[in-house]
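Trainee: My questions all concern the structure below.
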Amino acid sequence: MAVPPTYADLGKSARDVFTKGYGFGLIKLDLKTKSENGLEFTSSGSANTETTKVTGSLETKYRWTEYGLTFTEKWNTDNTLGTEITVEDQLARGLKLTFDSSFSPNTGKKNAKIKTGYKREHVNLGCDVDFDIAGPSIRGALVLGYEGWLAGYQMNFETAKSRVTQSNFAVGYKTDEFQLHTNVNDGTEFGGSIYQKVNKKLETAVNLAWTAGNSNTRFGIAAKYQIDPDACFSVSN
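Using this note's numbering, the letters of the sequence shown correspond one by one to residues 2 to 238.
Okay, here's the thing in structure tokens:
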């Protein structure tokens, strides 16, 4: 295994089988283009046929490859403006630094984040600082990988409360065709998933979850069949 996934991506293959491809009642359009000078434009829009709500977003991105810099500007129909500046593999190989800010003119709400990520063989480390009016919060995550085995830890520390408000742990095993993932969130929520790529066209997934003090176990099974490059059939229960 080269670089393990981020903590948020642990068990992602199984989640995708459950969540992607179910677009009933939703119309979505994405458009991406690139100018001659390297400026990328991405626009997306969606409409919910039941609520008649329409949302959209526009993103412009410019990469200064020579210096490992990426500049991104964002806007959405909630009238929220965002700016993101990223520098990667410059201070150290595998190190990524991001400054992310957003501003809503309608409400006056402002938000700023500093994100750091470091990934090398067998390790994926991340630390984000969220500057909020109530006080900064620090979110950290670490994933270690060796010969297909994965172990990860994620925490959130709120400086205003001077305490850890989230503590999650996960263990898993991953190959190209099979993935096993288990997790414990705050010592009270337990979950597990299994992903199996049966062949080039068929993917299956099983999901289990339960909460301490509650005897009910949530169970789900899903499958995705790729009919051709442009069409697929998905089912979940």
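Just so it is clear, CB atoms sit at the ideal spot from N, CA and C, and this is done for glycine as well. Small disclaimer: the values here were computed from a predicted structure and weren't measured.
Might you give, ordered along the chain, the residues of its own chain that have their beta carbon closer than 6 Å to the beta carbon of N77, omitting 5 neighbours on each side?
Mentor: Here residue 77 refers to the residue found at position 76 when the sequence shown is read from its first residue. Closer than 6 Å at the Cβ level, and outside the excluded window around N77, lie S58.
Trainee: Enumerate in chain order the residues of its own chain whose CB-to-CB distance from K225 is below 7 Å, with the five nearest sequence positions on each side excluded.
Mentor: If you number the sequence shown from 1, residue 225 lands on position 224. Within the same chain, K225 has close Cβ partners V18, G22, E204, C233 and S235.
Trainee: Return the bridge partner residues of H265 from the DSSP annotation.
Mentor: The structure shown does not extend to residue 265, since the chain spans only 2 to 238, so no value can be given for it.
Trainee: Beta-carbon separation of D101 and G83 under 9 Å?
Mentor: Against the sequence shown, residue 101 aligns to sequence position 100. Against the sequence shown, residue 83 aligns to sequence position 82. Closer than 9 Å, so yes.
Trainee: Who does V124 pair with in a DSSP beta bridge?
Mentor: Counting from one through the sequence shown, the residue named residue 124 turns up at place 123. According to DSSP, which records beta bridges pairwise, V124 is partnered with R121 and L145.
Trainee: Between F104 and E41, what straight-line distance do the alpha-carbon atoms span, to the nearest angstrom?
Mentor: As a first step, residue 104 is located in the sequence shown; it is residue number 103 there, counting from the start. As a first step, residue 41 is located in the sequence shown; it is residue number 40 there, counting from the start. Roughly 22 Å between the two C-alpha positions.
Trainee: Which whole-angstrom value describes the C-beta separation of G149 and K120, a residue pair presumed to lie in contact below a C-beta threshold of 8 Å?
Mentor: In the sequence shown, the residue the question calls residue 149 occupies position 148. In the sequence shown, the residue the question calls residue 120 occupies position 119. Not really, about 17 Å apart at Cβ, beyond 8 Å.
Trainee: Would you mind sorting G39 into buried or exposed? The rule is 16 or more other CB atoms within 10 Å of its CB.
Mentor: As a first step, residue 39 must be located in the sequence shown, where it is residue number 38. Under this definition G39 is an exposed residue.
Trainee: Tell me the rounded alpha-carbon separation between V55 and Q227.
Mentor: As a first step, residue 55 must be located in the sequence shown, where it is residue number 54. As a first step, residue 227 must be located in the sequence shown, where it is residue number 226. Approximately 29 Å between the Cα atoms of the pair.
Trainee: Under 6 Å Cβ to Cβ from F191, same chain only, skipping five residues before and after it: list those, please.
Mentor: Indexing the sequence shown from 1 puts residue 191 at position 190. Once the five neighbours on either side are set aside, the close Cβ partners of F191 are V185 and W211.
Trainee: Based on Cα-Cα distance, which residue from K75, A213, D129 and G146 lies nearest to E60?
Mentor: Position 59 of the sequence shown, counted from the first residue, corresponds to residue 60. With distances taken between Cα atoms, E60 lies closest to K75.
Trainee: Measure the alpha-carbon distance for K202 versus S237 and round it to whole angstroms.
Mentor: Residue mapping note: residue 202 aligns to position 201 of the sequence shown, counting from 1. Residue mapping note: residue 237 aligns to position 236 of the sequence shown, counting from 1. So the alpha carbons of these two residues sit roughly 16 Å apart.
Trainee: Just how far apart, CA to CA, sit S168 and L32?
Mentor: Counting from one through the sequence shown, the residue named residue 168 turns up at place 167. Counting from one through the sequence shown, the residue named residue 32 turns up at place 31. Near 38 Å, if we compare the C-alpha coordinates of L32 and S168.
Trainee: For P6, count neighbouring C-beta atoms within 10 Å of its own C-beta (all shown protein chains included) and say buried if the count is 16 or more, exposed if not.
Mentor: For the purposes of this step, residue 6 is identified with residue 5 of the sequence shown, where counting begins at 1. With 16 or more Cβ atoms within 10 Å of its Cβ, P6 is classed as buried.
Trainee: Any idea what DSSP makes of V18, helix, strand or coil?
Mentor: As a first step, residue 18 must be located in the sequence shown, where it is residue number 17. Three-state DSSP puts V18 in a helix.
Trainee: So what's A161 in DSSP terms, helix, strand or just coil?
Mentor: Looking up residue 161 in the sequence shown gives position 160. Three-state DSSP puts A161 in coil, outside helix and strand.
Trainee: Identify whether I81 lies in helix, strand or coil by the three-state DSSP scheme.
Mentor: As a position in the sequence shown, residue 81 is number 80, starting the count at 1. According to the sequence shown, residue 81 is Thr rather than Ile. Of the three classes helix, strand and coil, the one that applies to T81 here is coil, per DSSP.
Trainee: Does the beta-carbon of V97 have 16 or more other beta-carbons within 10 angstroms, so that it is buried, or is it exposed?
Mentor: Taking the first residue of the sequence shown as position 1, residue 97 is located at position 96. It is worth fixing the name first, because residue 97 is Lys in this sequence and not Val. Buried is the call here.
Trainee: Among F170, D131 and T183, whose alpha-carbon lies nearest the alpha-carbon of E159?
Mentor: Taking the sequence shown and counting its residues from 1, one reaches residue 159 at position 158. The option with the nearest alpha carbon to E159 is D131.
Trainee: By Cβ distance below 6 Å, which residues in the same chain neighbour Y63 in space, the five residues on each side in sequence not counted?
Mentor: Here the question's residue 63 lines up with position 62 in the sequence shown. Correct list, in chain order: L40 and F72.
Trainee: Given that a residue counts as buried once 16 or more other Cβ atoms are within 10 Å of its Cβ, and exposed if not, what is L27?
Mentor: Here residue 27 corresponds to residue number 26 of the sequence shown, with the count starting at 1. Label assigned to L27: exposed.
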